[in-house]
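These notes are about the structure you will find just below.
Protein chains: 4
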Amino acid sequence: MGIKSRKEREKEQKRRLILNAAKKLFSEKGFSKATMEEIAKEAEFSPGTLYLYFKNKDELDASLSVEILEFLSDKLHEVVENQELDPLQKLYALKEKVFEVYNYDPDLLVSLFHLKTRKTFQHLTRKLVERIDTLSRDALKTLAKIFDEGINKGVFIEKHPNELADIFWSIYSGVVLWEDSKKFLNEDKNFIMETLETAIDIFIKGVLK
Amino acid sequence: MGIKSRKEREKEQKRRLILNAAKKLFSEKGFSKATMEEIAKEAEFSPGTLYLYFKNKDELDASLSVEILEFLSDKLHEVVENQELDPLQKLYALKEKVFEVYNYDPDLLVSLFHLKTRKTFQHLTRKLVERIDTLSRDALKTLAKIFDEGINKGVFIEKHPNELADIFWSIYSGVVLWEDSKKFLNEDKNFIMETLETAIDIFIKGVLK
Amino acid sequence: MGIKSRKEREKEQKRRLILNAAKKLFSEKGFSKATMEEIAKEAEFSPGTLYLYFKNKDELDASLSVEILEFLSDKLHEVVENQELDPLQKLYALKEKVFEVYNYDPDLLVSLFHLKTRKTFQHLTRKLVERIDTLSRDALKTLAKIFDEGINKGVFIEKHPNELADIFWSIYSGVVLWEDSKKFLNEDKNFIMETLETAIDIFIKGVLK
Amino acid sequence: MGIKSRKEREKEQKRRLILNAAKKLFSEKGFSKATMEEIAKEAEFSPGTLYLYFKNKDELDASLSVEILEFLSDKLHEVVENQELDPLQKLYALKEKVFEVYNYDPDLLVSLFHLKTRKTFQHLTRKLVERIDTLSRDALKTLAKIFDEGINKGVFIEKHPNELADIFWSIYSGVVLWEDSKKFLNEDKNFIMETLETAIDIFIKGVLK
DNA sequence: GATGAATGAGTATTCATTCAT
DNA sequence: TATGAATGAATACTCATTCAT
Chain C
0 MGIKSRKERE KEQKRRLILN AAKKLFSEKG FSKATMEEIA KEAEFSPGTL
50 YLYFKNKDEL DASLSVEILE FLSDKLHEVV ENQELDPLQK LYALKEKVFE
100 VYNYDPDLLV SLFHLKTRKT FQHLTRKLVE RIDTLSRDAL KTLAKIFDEG
150 INKGVFIEKH PNELADIFWS IYSGVVLWED SKKFLNEDKN FIMETLETAI
200 DIFIKGVLK
Chain X
0 MGIKSRKERE KEQKRRLILN AAKKLFSEKG FSKATMEEIA KEAEFSPGTL
50 YLYFKNKDEL DASLSVEILE FLSDKLHEVV ENQELDPLQK LYALKEKVFE
100 VYNYDPDLLV SLFHLKTRKT FQHLTRKLVE RIDTLSRDAL KTLAKIFDEG
150 INKGVFIEKH PNELADIFWS IYSGVVLWED SKKFLNEDKN FIMETLETAI
200 DIFIKGVLK
Chain B
0 MGIKSRKERE KEQKRRLILN AAKKLFSEKG FSKATMEEIA KEAEFSPGTL
50 YLYFKNKDEL DASLSVEILE FLSDKLHEVV ENQELDPLQK LYALKEKVFE
100 VYNYDPDLLV SLFHLKTRKT FQHLTRKLVE RIDTLSRDAL KTLAKIFDEG
150 INKGVFIEKH PNELADIFWS IYSGVVLWED SKKFLNEDKN FIMETLETAI
200 DIFIKGVLK
Chain W
0 MGIKSRKERE KEQKRRLILN AAKKLFSEKG FSKATMEEIA KEAEFSPGTL
50 YLYFKNKDEL DASLSVEILE FLSDKLHEVV ENQELDPLQK LYALKEKVFE
100 VYNYDPDLLV SLFHLKTRKT FQHLTRKLVE RIDTLSRDAL KTLAKIFDEG
150 INKGVFIEKH PNELADIFWS IYSGVVLWED SKKFLNEDKN FIMETLETAI
200 DIFIKGVLK
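Protein chains in written order, with numbering that gives the first Met the number 0: chain C, 0 to 208; chain X, 0 to 208; chain B, 0 to 208; chain W, 0 to 208.
Following this line, the structure appears as structure tokens:
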């Protein structure tokens, strides 16, 4: 960490331009229907350039997920490592972080889910698969720490912390994906924030002893 | 309704064979990566035959969702219309139905979700779009009735019944999709039932006044 | 051997149409510069159809070589198994067969050489690689038999029969490839037959004791 | 001719580095499958630099052939112009030269053959095409001189000297290419020298009156 | 109805070549 | 000179869909 050359910074910026273009098109049209040519055009590069930064389409998609997981991971750590909060407060702080993630980019979760529902890691470099794996586990472990602390202090119901962490995450992603999907059945949209808030409140009430 | 000729029954059976093959492959590999040829082979038909029963790939996929929604709708009605249960009992009965659906076919939900995240209904017949829309709304309305009753009787917290119905459904699908996706990160699997049970219990505790 | 259905015969005919188109274009423009689309057009099929008969471009090329090797193999066996000929007569009969092969299709050898100079069998099915290997070895073994017999009978110089077979084959392919290549330096062409005849005569004189 | 500035010498050295890299990769993978980037990496230059020394890929390839032809031409002249040798001795001296060429660089011939089988000179500068043409004809003419002398002195069989020169050359290249190609069918390798020696001995015996 | 061979538009990917630095 | 990032035309290959049998 520390000083990066201008070249490196420029390279990273271009990488991000591509990732942003891909995120936009993947969440607009889905992974399969978004073409590399469109993504290139959106990022204002030629198709060939995409392949200087990403091995192939799958790798571009997966790199997107890594970005998101890294962002989530950071937010989770901020909460867990805040010494001034008790477990319940951490749960509420978590809710705020969840909103923050959603506000930062409402499509993040949808993009992430594309990876998770894709059944094959065949075309990805081993390195990338390992990074995704590590980040995923780390995020859940961090989440589980909060529940562990709460259970130990007798504040939360006695359940395995991992299971609670899974449920918290399921609710988060379930709500976002569900509400997001309703757009296409012509429902009013943008209830996501409200529904999410209610859902997490109900969850918090449910896990209290 | 009423008497169907043998021909009609045979036709329906074949339709179902195709739908089952499609369900299997769509949930295994996703809509885009499953090919019509594979589906045909799985159903023991030739590719051309699929087009005698379904206008195109999108329509096959959507018809699948109709099937699932009809199944879910039936289960929901059974619960809601059972006069002998109070709202809380209905919630627990609902949990049992959810398990029933999952046991009947663990892939149902994954397949349904494919529809919901598809971004275009362009290739579907109007009739089919309307049927999906009606079934979706009906299912949620039915679910909302339980919460409405519970709120009116002062058993559940005061929230909009639709919102609670959405959350219930989000949790259900969120858990299944999340746990399902973990398989690919080499986690132990088949925790779905347990996690689902805990999640719904927490939810029920959370919605009680 | 045996009865083939009309379907099978038709399929084989179409396969041959494609092989002929490929042979023509590969020897005209070389493997890399001949496109699948051109080959399809030449064979009066659509590009997709080529892939119903051959897994990929490499496999199409290799199948071409198999054809040639099978033809050569047949001719060689005819000579070797002719009981009425002594070794020297067989060598002259071989010369005739070589002309026959060349007359049957002057491009055969050039096409075959494309395979031999290609460095990777990676994209070929194992089955095809094995077939090529078997045919190649068999052809050489058959050729070696003639020399073995000649050496045993004291007619030919004492050298390893395999080595003589290799040299015979080298001369054959060397002459054809060399004379063929001269066309592109604007030399008069079609000396191949004459040069080949002289070369083999010199060889035969050289191997006699 | 004469004194070259340091600059010029340096330039020539770099040119040679590129040619060597190209020779290696062209004979390993063939012209089409060897990429300019690989060649650049092998030569420890950047891709752009290659274009400072060669107009394009075809020109690089053709320049390679010129190098080889010049080398071969030198060796041939050494033999032909040696006044102390009679025709038969020249033939044997030629055999030694052939080994010398092969030992100097076993890939030379394979690379040369790439040029000869290339179907288009379109992308080459006229100057280069003419140089290749001149060198090729000169080499053969030189070779033919030996046979001419041998025929005139009544030592060799009565055939057109050009034809004998062609056959000599065919045998040389045929053996090398053939033995080289066998590596890929998993045969033991490095028999080339032995086979070549036997082949030329048989040839010499065959051309003697 | 059922077949499955044939189609051909659509797309990911490669790579010779250029050019701003 | 030398670089190497960027280009974009070229092309192998796929797969939903059709239609003659």
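Idealized CB from N, CA, C, for every residue including glycine.
Only a predicted model underlies this, so the values are computations on that prediction, with no experimental measurement involved.
Proximal chain B residues relative to residue i, where beta-carbon distance stays under 7 Å
{"i": "phenylalanine 202/W", "result": "Ile201 and Gly205"}
{"i": "serine 31/W", "result": "Ser31"}
Per-residue DSSP class, three states only, for residue i
{"i": "phenylalanine 155/X", "result": "strand"}
{"i": "leucine 84/B", "result": "coil"}
{"i": "leucine 207/X", "result": "strand"}
{"i": "lysine 210/X", "result": "An answer regarding residue 210/X cannot be provided, because it is not within the stretch 0 to 208 covered by chain X."}
{"i": "histidine 76/C", "result": "helix"}
{"i": "phenylalanine 98/C", "result": "helix"}
{"i": "leucine 51/X", "result": "helix"}
{"i": "glutamate 41/W", "result": "helix"}
{"i": "threonine 124/C", "result": "coil"}
{"i": "proline 105/W", "result": "coil"}
{"i": "phenylalanine 190/B", "result": "coil"}
{"i": "leucine 195/B", "result": "helix"}
Rounded Cβ spacing between residue i and residue j (contact assumed at less than 8 Å)
{"i": "glutamate 58/B", "j": "leucine 107/B", "result": "Rounded, the Cβ-Cβ distance is 19 Å, inconsistent with contact."}
{"i": "isoleucine 156/X", "j": "lysine 208/X", "result": "5 Å"}
{"i": "glutamate 37/B", "j": "leucine 49/B", "result": "Not really, about 11 Å apart at Cβ, beyond 8 Å."}
{"i": "serine 62/W", "j": "isoleucine 170/B", "result": "The Cβ separation is near 30 Å, so there is no contact."}
{"i": "tyrosine 101/B", "j": "methionine 35/B", "result": "Not confirmed; about 28 Å, so no contact."}
{"i": "serine 64/W", "j": "leucine 111/W", "result": "6 Å"}
{"i": "glycine 173/C", "j": "glycine 173/X", "result": "2 Å"}
Residue range of the alpha helix (DSSP H) that includes residue i
{"i": "alanine 33/C", "result": "From DSSP, alanine 33/C is part of no alpha helix (DSSP H); its letter is neither H nor E."}
{"i": "lysine 181/C", "result": "160-181"}
Listed by chain order, chain W residues near residue i by CB distance under 9 Å
{"i": "threonine 194/B", "result": "Glu162, Asp165, Ile166 and Ser169"}
Partners in chain X for residue i, counting only beta-carbon separations shorter than 9 Å
{"i": "valine 100/C", "result": "Within chain X, no residue comes near valine 100/C; the closest Cβ sits about 16 Å away, beyond 9 Å."}
Chain C residues whose Cβ lies nearer than 7 Å to that of residue i
{"i": "threonine 197/X", "result": "Lys158, Glu162 and Ile166"}
Chain B contact residues for residue i, given Cβ-Cβ distances below 9 Å
{"i": "valine 174/W", "result": "Asp165, Ile166, Ser169, Ile170 and Gly173"}
Closer than 7 Å: residue i CB and nearest the ligand PLP heavy atom
{"i": "leucine 93/B", "result": "As for the ligand PLP, it is missing from this structure, which has no ligand bound."}
Handout entry: Cβ contact check for the region 96-108 of chain C and the region 139-151 of chain X: 3 or more pairs under 8 Å
Key = These segments do not touch.
Handout entry: Contact the region 2-19 of chain B vs the region 194-206 of chain X: 3+ CB pairs below 8 Å
Key = Because the criterion of three Cβ pairs below 8 Å is not met, the region 2-19 of chain B and the region 194-206 of chain X do not touch.
Practice task
Pair every Cβ in the region 153-164 of chain B with every Cβ in the region 157-171 of chain W, then say whether three or more of these pairs are closer than 8 Å.
Solution key: By the Cβ rule, the region 153-164 of chain B does not count as touching the region 157-171 of chain W, because fewer than three pairs are nearer than 8 Å.
Practice task
Indicate whether the contact test is met: 3 or more Cβ pairs, each with one atom in the region 62-81 of chain B and one in the region 129-139 of chain B, closer than 8 Å.
Solution key: Yes, since at least three Cβ pairs between the region 62-81 of chain B and the region 129-139 of chain B fall closer than 8 Å, the two stretches touch.
Practice task
For the region 27-43 of chain X and the region 70-86 of chain X, state whether three or more C-beta atom pairs, one from each stretch, are separated by less than 8 Å.
Solution key: These segments do not touch.
Problem - Cβ contact check for the region 11-23 of chain B and the region 84-92 of chain B: 3 or more pairs under 8 Å - result: Verdict: no, contact absent.
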